[in-house]
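Engineer:
In our numbering, the protein residues as written are 79 to 204.
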């Protein structure tokens, strides 16, 4: 009898844990992006980790107004007016085209919590 090619002890919990860790490799927060915020000398062009976009805008570009203040996005080629509290999400979704992919079916989402809800409702993943 040939030995099994599969780990017979691999549980559903192991599968969920593996899917959870696999999602990190495609998480835009763990990827470097180029900042194209307009400065007096052209675009910023600094490489920033996705999870540090908010800090970068505050420290490098002085975006420090309260969240409810309306301002203009200064990303290269953009002039959208929006509340400061929506600016980072706007940059992530529109300019950096952040997408969160379902590891089960490949469907893509603009927000991570939407992907998590999809995983829970459609695939039973917690």
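Yeah, the Cβ is synthetic: ideal placement off N, Cα and C, and Gly gets one too.
Look up residue 148 in the DSSP assignment and say whether it is helix, strand or coil.
Structural biologist: strand
Engineer: With a 10 Å radius around its C-beta and 16 neighbouring C-beta atoms as the bar for buried, classify residue 119 as buried or exposed.
Structural biologist: exposed
Engineer: Can you check whether the CB of residue 145 is closer than 8 Å to the CB of residue 167?
Structural biologist: no
Engineer: Going by other Cβ atoms of all chains shown within 10 Å of its Cβ, with 16 needed for buried, is residue 114 buried or exposed?
Structural biologist: buried
Engineer: Output the boundary residues of the alpha helix (DSSP H) element that contains residue 169.
Structural biologist: DSSP places residue 169 outside any alpha helix (DSSP H), giving it a letter other than H or E.
Engineer: Across which residues does DSSP place residue 119 in a beta bridge pair?
Structural biologist: Answer is none; residue 119 lacks a bridge partner.
Engineer: Quick one: Cα of residue 136 to Cα of residue 170, how far?
Structural biologist: Each residue's Cα considered, the two are about 15 Å apart.
Engineer: Use the C-beta contact count for residue 193: other C-beta atoms within 10 angstroms, 16 or more gives buried, fewer gives exposed.
Structural biologist: buried
Engineer: What is the DSSP secondary structure of residue 95, counted as helix, strand or coil?
Structural biologist: DSSP places residue 95 within a helical segment (H, G or I) once states are collapsed to three.
Engineer: Under the three-state reduction of DSSP, which class applies to residue 125: helix, strand or coil?
Structural biologist: strand
Engineer: Taking DSSP as the reference, what is the three-state secondary structure of residue 161?
Structural biologist: strand
Engineer: Does the beta-carbon of residue 180 have 16 or more other beta-carbons within 10 angstroms, so that it is buried, or is it exposed?
Structural biologist: buried
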